[in-house]
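A.B. asks: The working numbering puts the first residue of the sequence shown at 18, with every later residue one more than the last.
Using N, Cα and C, we set each Cβ at its ideal position, and we do this for glycine too.
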Amino acid sequence: MATNRSPEIRKDAIHNRWVIFSPARARRPSDFKSKTDASSSANTHTECPFCAGHEHECAPEIFRFPPESTLDWKVRVIQNLYPALSRDLEPLNAERGGGGQVTLRGSGFHDVVIESPAHPVHLADLSPAQIADVLLAYKKRIDQLRAFDSIKYVQVFKNHGATAGASMSHSHSQILALPVIPPTASARIQSMKEHFEQTGECAICQVKQEDLSIHESNHFRSIVPFAATFPFEIWIIPRHHSSHFHDIDSDMASDLGGVLKLMLGKMSLQLKNPPYNMVIHSAPLRAESTQLPFSHWFIQIVPQLTVVGGFELGTGCYINPVLPEDAAKVLREVSIQD
């Protein structure tokens, strides 16, 4: 029983932060369930602007798969109707004021990837080949954004369920292209650099503990990280060192499509289809050659099972009630029926 174990404090060498594991605060890991079914709100809607036949209700399209399709498209990438950054603003040099104040013009790109033309279909419902199409749409859009000198970092993310931040129930993900390298990415790169300087190895390449492993494919390993910030957090990492997500090819995308479907399926079955966030952590677009040996991209999936409180906000240190080894064991044992 996890509740008989003593608390532990573990160092996350990837993000340079501490995580407190307090099993006494939880029931058995196998009893964890989401309080909200992320699909419940979607069932009350049948059509929306993201559905096939409603393309004219959306912001301008950037591209679609397949490109020549009309109503039989599989994936569409469109501009965000309510963008966080403006693609119409010319980037300007930073303005510096007193007290270390810095202001940049809010130029950048904010796009939406519509993952299916059918409203009730979620990412986990798609076939591995269809998920691969979504992943290749990410890659194609990142390749387009790399052409803009002002863009330093591209963040791909997905919010599934209203409590995870999704404003539309139709399955979609988002791409934000930034003129700065965000602090979480900078901290991750610096932490991995320090690990590399101490050990001579990439911190993610070194993750090989069997008790943290969920699944292995030809190109990817799925794990619960050693210092998981959240209960049942999952990482999907390339087995061979790779710094940028956009370097994947069709074979890797096909493999990753199957892995992602499996992980989302296991999580949904075990945790009662929880709201979740999915984030692709990649190196900055123009990473220096000296950064590449220790920069390793990965996908992070976080089911929304706990609430961030004052302790976490005050310390940057998170409390996780489920030990990673227990979470990995539970997820390994979840059987997915074809």
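#1: I'd like the list of long-range same chain contacts for L153, defined as Cβ closer than 6 Å, with 5 residues on each side in sequence excluded.
#2: Would you report the Cα separation of P199 and G178, rounded to the nearest angstrom?
#3: A244 to E214, Cα distance in whole Å?
#4: Taking N110 as the reference, give the member of H232, P77, Q207 and V119 with the closest Cα.
#5: Go to I206, then tell me how far its alpha helix (DSSP H) extends in each direction, as first and last residue.
#6: Could you have a look at T180 and say whether DSSP puts it in helix, strand or coil?
#7: When you compare only the Cα positions, how much space is there between P66 and C75?
#8: Considering just the uninterrupted stretch of the beta strand (DSSP E) at D128, what are its terminal residues?
#9: Where DSSP assigns a beta bridge to T120, which residues make up the other side?
#10: With distances taken from CA atoms, which of R349, L322 and D268 is nearest N337?
#11: Looking at the secondary structure, which residues open and close the alpha helix (DSSP H) in which Q354 lies?
#12: What distance in whole Å lies between the Cβ atoms of I254 and F174, which are believed to be in contact at a cut-off of 8 Å?
#13: Pull up the distance between the alpha-carbon of I31 and that of V92, whole angstroms please.
#14: Quick check on DSSP: helix, strand or coil for R27?
#15: Nearest to L102 by alpha carbon, out of V129, L195, A146 and E64?
#16: Which residue's Cα is closest to the Cα of S144: L277, C219 and D105?
C.D. replies: Quick look at the numbers:
#1: A270
#2: 25 Å
#3: 21 Å
#4: V119
#5: P200 to T216
#6: helix
#7: 6 Å
#8: F126 to I131
#9: E112
#10: L322
#11: First-last for Q354: undefined, no H or E at that position.
#12: Contact flag wrong, Cβ pair sits at about 17 Å.
#13: 33 Å
#14: strand
#15: L195
#16: L277
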